[in-house]
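In this note's numbering, the protein residues as written are 22 to 325.
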Ligand code: 13P
Ligand code: SF4
């Protein structure tokens, strides 16, 4: 529509004026992905934030992503167009609880999934994302106990992949956890020619039924490189859009209806424009917390 064209043009102008770069996660609304300079998974967004030459980063995603960008680029202004866009999974772990748990496991190494607050990252030895969690855990000394925070499903998956016993947190992502083995069986029956891809935040019995397990960036690569022509997509529905763009000749079916992360959908073009115009909401991280969280994030970036 005309309105859409106008707002896209305004965003482009403000972006230039502010010397800003727009980073978006794959779960963002299609129109938001379209105006982004870079669209990626959590790891790719962290890498971009660390390396990008811009004065302002507009993070179209959720709070922990903007915090990670700020931690890795403290000299830049980081804008989160909707300040209330959180991650219920990240909210399942508070720094104080992690500190208490850690004290009860003498000598433990704390591995923290990137879907967590800066304060929890600051309590951690190393961060991981869905794309490098197995690699991160495999890099740790075999004789030390490992506490994995906060996603229990991802923790169980990593434990199975690495053959290591992990101390788990009982957090989960409600969007991925709601996908059931029955959903996968029904989707397979409806589309027997399709391969099933699922995110490792899914339940173990869902993961058992998949042909491919990986984060959003991994799914995109897998679908592109596979000779198969049809895929059942077991993750947040926003992922269908980048998959369709990358694989226009392939069939893509959501594994279940209503796999929607409400927080991811809070970002709109209108809010992106307003954020650039007003230079807020800005995301700040306490410098002491940021310093400790940065060490854990950088350790991850070094090995992945
Ligand atoms: P990815 O790292 O796979 O992009 O996942 C982010 C996320 O929020 C999953 O729910
Ligand atoms: Fe958090 Fe789940 Fe939304 Fe990802 S999909 S941002 S893990 S609530």
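All C-beta atoms in this analysis are idealised placements derived from N, C-alpha and C, irrespective of residue type, glycine included. Here the structure is a predicted model, which is why all the values come from computation and not from measurement.
Notebook entry, point to check: For residue 161, which residues of its own chain have a beta-carbon under 7 Å away from its beta-carbon, when the five flanking residues on both sides are left out?
Noted result: 130 and 167
Next item on the list: Taking 8 Å as the threshold, find out whether the region 93-109 comes into contact with the region 280-293 through three or more Cβ pairs.
Entry: yes
Next item on the list: Would you identify the three-state DSSP class for residue 192, choosing helix, strand or coil?
Entry: strand
Item checked: Per DSSP, the bridge partner or partners of residue 216 -> 252
Notebook entry, point to check: Per the contact definition of three or more C-beta pairs closer than 8 Å, is the region 291-308 in contact with the region 113-130?
Noted result: no
Check: When you compare each of 245, 252 and 226 to residue 267 by their alpha carbons, which one comes out closest?
Finding: 245
Note to self: residue 169 and residue 179 - do their beta-carbons sit closer together than 8 Å?
What the structure shows: yes
Note to self: Three or more C-beta pairs under 8 Å: does that hold for the region 141-148 against the region 223-234?
What the structure shows: no
Next item on the list: Tell me, to the nearest whole angstrom, how far the beta carbon of residue 192 is from that of residue 114; I am working on the premise that it is less than 8 Å.
Entry: 6 Å
Notebook entry, point to check: Run through DSSP, which three-state label would residue 135 get?
Noted result: coil
Notebook entry, point to check: Curious, which full-length alpha helix (DSSP H) runs of at least 4 residues does the region 59-103 contain?
Noted result: 63-72 and 84-93
Item checked: Lining residues of the ligand 13P - beta-carbon closer than 5 Å to any non-hydrogen atom, in sequence order -> 62, 63, 150, 151, 236 and 237
Check: What residues are listed by DSSP as bridge partners for residue 32?
Finding: According to DSSP, which records beta bridges pairwise, residue 32 is partnered with nothing at all.
Note to self: Give me the pocket residues for the ligand SF4, defined as CB within less than 7 Å of any heavy atom, sorted by chain position.
What the structure shows: 48, 83, 108, 109, 110, 111, 136, 194, 195, 196, 197, 222, 257, 282, 284 and 285
Next item on the list: Mind checking which residues open and close the beta strand (DSSP E) that includes residue 121?
Entry: Premise fails: residue 121 lies in the alpha helix (DSSP H), 116-124, not in any beta strand (DSSP E).
Note to self: To the nearest angstrom, how far is the alpha carbon of residue 261 from that of residue 292?
What the structure shows: 23 Å
Notebook entry, point to check: Which first and last residues belong to the alpha helix (DSSP H) in which residue 178 is found?
Noted result: 173-183
Checklist line | CA-to-CA distance, residue 132 to residue 141, given in whole angstroms | finding: 10 Å
Next item on the list: Tell me whether residue 277 is buried or exposed, calling it buried when 16 or more other Cβ atoms sit within 10 Å of its Cβ.
Entry: buried
Check: In terms of alpha-carbon separation, which member of 77, 82, 74 and 206 lies closest to residue 290?
Finding: 82
Check: For residue 264 versus residue 241, is the C-beta spacing smaller than 8 Å?
Finding: yes
Check: Is residue 47 helix, strand or coil when you go by DSSP?
Finding: coil
Note to self: Could you compute how far the alpha carbon of residue 59 sits from the alpha carbon of residue 43?
What the structure shows: 7 Å
Check: Mind checking residue 324: buried by the 16 CB within 10 Å criterion, or exposed?
Finding: exposed
Checklist line | residue 303, DSSP secondary structure in three states | finding: strand
Note to self: Taking 6 Å as the limit between beta carbons, can you name the residues of its chain near residue 177, skipping five residues before and five after?
What the structure shows: 225
Margin query: Quick check: the Cα distance between residue 269 and residue 218, rounded to an integer number of angstroms?
Written below: 17 Å
Notebook entry, point to check: Which word fits residue 86, buried or exposed, when buried means at least 16 other C-beta atoms lie within 10 angstroms of its C-beta?
Noted result: buried
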